[in-house]
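Sequence order for the protein chains is W, S and X. Here this note's numbering is used: the first residue of the first sequence is 584, the next is one more, and so on. Here this note's numbering is used: the first residue of the second sequence is 26, the next is one more, and so on. Here this note's numbering is used: the first residue of the third sequence is 4, the next is one more, and so on. Down below is the structure, laid out as structure tokens.
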Amino acid sequence: MQLRYVRFRAMGCPCEIRFFHRDDAEADRLADICLTEIRRLETKYSRYLPGSVTNRINDAAGRDPVMVDQETSALLDYAQTCFDQSEGLFDITSGVLRHLWHDRLIDTPPLSEFQKWLAVVGWQKVHRTATSIALPLVGMEIDFGGVVKEYAADATLELLSQEGIRDCLVNLGGDIAVLGRLANGQPWEVGITHPELPGQVIACIQVGSGAITTSGGYERFISIGDKKFSHLINPLTGTPADNLQSVTVVAPKAIIAGSICTISMLHKEAEALDFLNGTNLPFLSVDKQGKCHGSLQGE
Amino acid sequence: MKHKSTTVAALTGAAMSLPAFSGTQPAESTLSVSFSQYREADIPKDEVVAGSHERYDIEVGKFRLVTPLGADWSLAVDATRETMSGASPWGTLYGATGEPNLIMSGATISDSRTEVALSSTRYTDNASYTLGVARSEEDDYKATSYRIAGEWDRDNKLSTIALGFSYSSDELSPTEAVLFGRVPEASRRSRSISGSWTQVLGKNAVLQSGISLTKKDGYLDDPYKLRDVRPDERTQWAVSLRYRRFYDNRNAALHLDYRYYDDDWGIDSHTIDLSWHQNLGIGFQLVPRVRIYSQAEASFFEAADDYTLPKNQPQSSDFRLSGYGALSVGLKAIYRIPAWTVSLSVDQYRSDERFGHNKSRYEHPALLDFTLTNLGLEYRF
Amino acid sequence: MRLMCLVLIFLGGCETVKPWERGTLARPEMQLDSDPLETKLREQVYQSKEAASGGNGAAGAGCGCN
Numbered sequence: 584m585q586l587r588y589v590r591f592r593a594m595g596c597p598c599e600i601r602f603f604h605r606d607d608a609e610a611d612r613l614a615d616i617c618l619t620e621i622r623r624l625e626t627k628y629s630r631y632l633p634g635s636v637t638n639r640i641n642d643a644a645g646r647d648p649v650m651v652d653q654e655t656s657a658l659l660d661y662a663q664t665c666f667d668q669s670e671g672l673f674d675i676t677s678g679v680l681r682h683l684w685h686d687r688l689i690d691t692p693p694l695s696e697f698q699k700w701l702a703v704v705g706w707q708k709v710h711r712t713a714t715s716i717a718l719p720l721v722g723m724e725i726d727f728g729g730v731v732k733e734y735a736a737d738a739t740l741e742l743l744s745q746e747g748i749r750d751c752l753v754n755l756g757g758d759i760a761v762l763g764r765l766a767n768g769q770p771w772e773v774g775i776t777h778p779e780l781p782g783q784v785i786a787c788i789q790v791g792s793g794a795i796t797t798s799g800g801y802e803r804f805i806s807i808g809d810k811k812f813s814h815l816i817n818p819l820t821g822t823p824a825d826n827l828q829s830v831t832v833v834a835p836k837a838i839i840a841g842s843i844c845t846i847s848m849l850h851k852e853a854e855a856l857d858f859l860n861g862t863n864l865p866f867l868s869v870d871k872q873g874k875c876h877g878s879l880q881g882e
Numbered sequence: 026m027k028h029k030s031t032t033v034a035a036l037t038g039a040a041m042s043l044p045a046f047s048g049t050q051p052a053e054s055t056l057s058v059s060f061s062q063y064r065e066a067d068i069p070k071d072e073v074v075a076g077s078h079e080r081y082d083i084e085v086g087k088f089r090l091v092t093p094l095g096a097d098w099s100l101a102v103d104a105t106r107e108t109m110s111g112a113s114p115w116g117t118l119y120g121a122t123g124e125p126n127l128i129m130s131g132a133t134i135s136d137s138r139t140e141v142a143l144s145s146t147r148y149t150d151n152a153s154y155t156l157g158v159a160r161s162e163e164d165d166y167k168a169t170s171y172r173i174a175g176e177w178d179r180d181n182k183l184s185t186i187a188l189g190f191s192y193s194s195d196e197l198s199p200t201e202a203v204l205f206g207r208v209p210e211a212s213r214r215s216r217s218i219s220g221s222w223t224q225v226l227g228k229n230a231v232l233q234s235g236i237s238l239t240k241k242d243g244y245l246d247d248p249y250k251l252r253d254v255r256p257d258e259r260t261q262w263a264v265s266l267r268y269r270r271f272y273d274n275r276n277a278a279l280h281l282d283y284r285y286y287d288d289d290w291g292i293d294s295h296t297i298d299l300s301w302h303q304n305l306g307i308g309f310q311l312v313p314r315v316r317i318y319s320q321a322e323a324s325f326f327e328a329a330d331d332y333t334l335p336k337n338q339p340q341s342s343d344f345r346l347s348g349y350g351a352l353s354v355g356l357k358a359i360y361r362i363p364a365w366t367v368s369l370s371v372d373q374y375r376s377d378e379r380f381g382h383n384k385s386r387y388e389h390p391a392l393l394d395f396t397l398t399n400l401g402l403e404y405r406f
Numbered sequence: 004m005r006l007m008c009l010v011l012i013f014l015g016g017c018e019t020v021k022p023w024e025r026g027t028l029a030r031p032e033m034q035l036d037s038d039p040l041e042t043k044l045r046e047q048v049y050q051s052k053e054a055a056s057g058g059n060g061a062a063g064a065g066c067g068c069n
């Protein structure tokens, strides 16, 4: 049984799929169907492609409701649950706030800009039915970026599982879903990069079936002057998250691990640790001083 | 702050309805077309007393579109167009050797049939409900049918129960009725109820058992036969078992189907369908198949038309009501890639009174042999 | 349920199948009907050329097949 290693770029990140298969042709076919599924989700929820679900919904903002299919409706339900569980911090309408924090900013934007963009943010304003969604104000936007990469990792893993693969790993830009074990019977091992020292590993985690995701400003960030901030923007204040440096969570599904990471990054440090401890999931967090917390330490 | 231990539960619950996890197919549409050719073998000349010894040739084109509608619905549209030509049996009489011979219709009858069906299905968490209507029209026969069905998943989708009702109302208007003294117009209707239970037996096997009951009434005779009188009613029932089993070490699946049929015209029958679905290379599949069929004759079957019998007494020399058996052997080749499937199949069917489990006294001269060729194309998007 | 399992045990057992083990059952060649168009066509042919019909699901609109 040979270890198959498929590397590619998708959703703006480096990605890889690892699985075991004895047959070359069949392994190629499996890699193909995985990529097809990832591209399908990438295209369907892309912010850049004109016909995408995201753009159809955003273009109709302030006008008519848009009909959505079952998959989109379920993702929106999931986003709703995240919004509820995070008391409004996880909000898929907050993407427009990126306009506040564009490149080459020297200082924080003026209050009038804040007011302008915060006015079109707020998941509670969105109208939904089981089959449709309506953004009531012109300029409102939703962005599936916070869930679709993790969902794609889970969906790809499910595909491989349905094809009979018992041991595999799907890594989409740091959102990782695994099944089974390595050939030697050992669990899959995932290295978490050090938030302050790129290229260095802060912890090596062994993951059984399930998923592991990491949220950290070191991958995508906003810079103001010479200070770096997380790309995650607080929808209530309009400011980029400036709390924990990095959070890694292990959960049964990548989409769940990913949302918990994101919510923790948006909470203030103390509340974030409370939140993480309350989930009873294994995690590793690195705060602004470089101090680590969580049960994944010392792994 | 929310009670955090419920956060994971809440997120997990919400995530479960995502298509990747619920085990249902991501919503996609399917477009299928097929072209088929059906050729009946000629009848040996010495068995035909009058008329053509050629039989039917039929060409069939089929179209099907299944598409999801919103989050909970799907729609299916089906269309069929057939053109048929050829001769068919009008009746039998005893020949010189004491065996029945055929009187066939003359030169080619050419006819075409169009059928359109529409059905819509509503999906809920563990069930689906379907409503369908279909209309078939040809020169001498028009039929409308309705269907309502439900399917319920139990035990985490390892078990499925299905129930269906259908009703059909048909109108006959035989051609050249006045010329041949046929009934100019007649009607019949059919009502049926069916149920099935599908059970997953393990990760490699599935078994479905089904039962159906049909009641027909109205004009059930064959208007094109010289002498054909059938009862005004017919009650039919059938039970079936369908087994699917995958063999990992062979990378192939076995299909075994059995059906027992019985009706109140005295006919009962057994049908066995056996096929082996062999995967070969990337996307290829070869399916050899065999079908064994056997039926007993109707209580009012007459090998040769008897004009001395009263006109209201049931009698028919239609070979389809005689006792005989048939063997069909075929091969299908399939090529599948993520969005497309292409298939080509050929089946050869031969009937013989020796295969019957309750043979008629004489082998019916109109027993059928045919070749059926089918080309299919499916596109998923 | 258990009684039915006992009855079917000779057919290869009746184990509970975990969600991640359902891959094989989803294969096209394991479906009860993987080619609905071809199935409908063959059913139509056999129903019009033989006496028997039914057993699984209701038939569509009839035809005057001869």
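Yeah, the Cβ is synthetic: ideal placement off N, Cα and C, and Gly gets one too. Fair warning: this is a prediction, and the values are worked out from it, not measured in the lab.
query                                                                                                                                                                                                        : result
Anything in chain S within Cβ reach of E53 (chain X), meaning under 7 Å, just list it in chain order.                                                                                                        : Y318, Q320, R345
For the region 55–71 of chain S, which residues have a beta carbon sitting closer than 7 Å to at least one beta carbon of chain X?                                                                           : S57, S59, S61, Y63
Do I843 (chain W) and D737 (chain W) come within 8 Å of each other at the CB atom, strictly closer than that value?                                                                                          : no
Verify the CB distance criterion: does V33 (chain S) have a CB-CB separation below 8 Å to chain W?                                                                                                           : yes
Could you tell me whether the Cβ atoms of V703 (chain W) and L720 (chain W) are closer together than 8 Å?                                                                                                    : yes
Is the CB-CB distance between I292 (chain S) and V264 (chain S) below 8 Å?                                                                                                                                   : no
Going along chain X, which residues have a C-beta under 8 Å from R89 (chain S)?                                                                                                                              : P39, L40
Could you tell me which residues DSSP puts in a beta bridge with V761 (chain W)?                                                                                                                             : W:L752, W:G793
For chain W, check one thing: does any of its Cβ atoms lie closer than 8 Å to the Cβ of A152 (chain S)?                                                                                                      : no
Once the 5 residues before and after S885 (chain W) are set aside, which same chain residues still bring their CB inside 7 Å of it?                                                                          : No statement about residue 885 (chain W) is possible, as the shown extent of chain W runs from 584 to 882 and does not include it.
Which residue's Cα is closest to the Cα of D611 (chain W): S:Y349, S:G306, S:A121?                                                                                                                           : S:G306
With 16 other CB atoms within 10 Å as the buried threshold, where does W290 (chain S) fall?                                                                                                                  : buried
Apart from the five residues just before and just after T260 (chain S), which ones in its own chain have a Cβ nearer than 7 Å to its Cβ?                                                                     : K240, D288, D289
Rounded to the nearest angstrom, what separates S184 (chain S) and Q224 (chain S) at their Cα positions?                                                                                                     : 5 Å
Note down, in chain order, all residues in the region 265–281 of chain S with a beta-carbon under 9 Å from any beta-carbon belonging to chain W.                                                             : D273
Can you name the residues of chain X whose CB is closer than 7 Å to the CB of I362 (chain S)?                                                                                                                : Near I362 (chain S) there are no residues of chain X at all, since even the closest Cβ is about 12 Å away, more than 7 Å.
Could you tell me which uninterrupted alpha helix (DSSP H) segments, each at least 4 residues in length, are contained entirely in the region 188–242 of chain S, listed from first to last along the chain? : 202–205
Could you please give the first and the last residue of the uninterrupted alpha helix (DSSP H) stretch that includes L856 (chain W)?                                                                         : 852–862
Shortest alpha-carbon distance to G157 (chain S) belongs to which of S:T149, S:K167, S:S110, S:S144?                                                                                                         : S:S144
What in chain W is Cβ-close to G95 (chain S), meaning under 9 Å?                                                                                                                                             : M650, V651, D652, Q653, S656, A713, T714, S715
Whose C-alpha, out of S:R345, S:D330, S:A329, S:Q310, is nearest the C-alpha of S319 (chain S)?                                                                                                              : S:R345
Pairing CB atoms from the region 56–69 of chain S with CB atoms from the region 80–96 of chain S, are three or more of them under 8 Å?                                                                       : yes
Who are the neighbours of Q668 (chain W) on chain S, taking C-beta pairs under 7 Å?                                                                                                                          : K27, T32, A35, L36
Cutting at 7 Å between CB atoms, please list the residues of its own chain near T200 (chain S), excluding the five before and the five after it.                                                             : D164, D165
For L613 (chain W), report the span of its alpha helix (DSSP H) as first-last.                                                                                                                               : 607–627
Starting from A278 (chain S) and walking both ways along the beta strand (DSSP E), at which residues does that stretch end?                                                                                  : 277–288
Ends of the beta strand (DSSP E) at G549 (chain W)?                                                                                                                                                          : The requested residue 549 (chain W) does not occur in the structure, where chain W is confined to residues 584 to 882.
Given a limit of 9 Å on CB to CB distance, which residues of the region 371–403 of chain S reach chain X?                                                                                                    : D372, Y374, S376, L393, F395, L397, N399, G401, E403
If I follow the unbroken beta strand (DSSP E) through R590 (chain W), where does it start and stop?                                                                                                          : 585–593
Taking 8 Å as the CB-CB limit, is L864 (chain W) close to chain S?                                                                                                                                           : yes
Along chain W, which residues have their Cβ under 7 Å away from the Cβ of S161 (chain S)?                                                                                                                    : Simply none; closest approach about 33 Å.
Quick one: which unbroken beta strand (DSSP E) runs of 3-plus residues sit fully inside the region 105–140 of chain S? Chain order, please.                                                                  : 114–119, 125–129
For D377 (chain S) versus S353 (chain S), is the C-beta distance shorter than 8 Å?                                                                                                                           : no
For a contact meaning CB atoms closer than 8 Å, what does T664 (chain W) contact in chain S?                                                                                                                 : A35, L36, G38, A39
What residues in the region 824–851 of chain W have a beta carbon less than 9 Å from any beta carbon of chain S?                                                                                             : A834, P835, K836, I838, I839, S842, I843, I846
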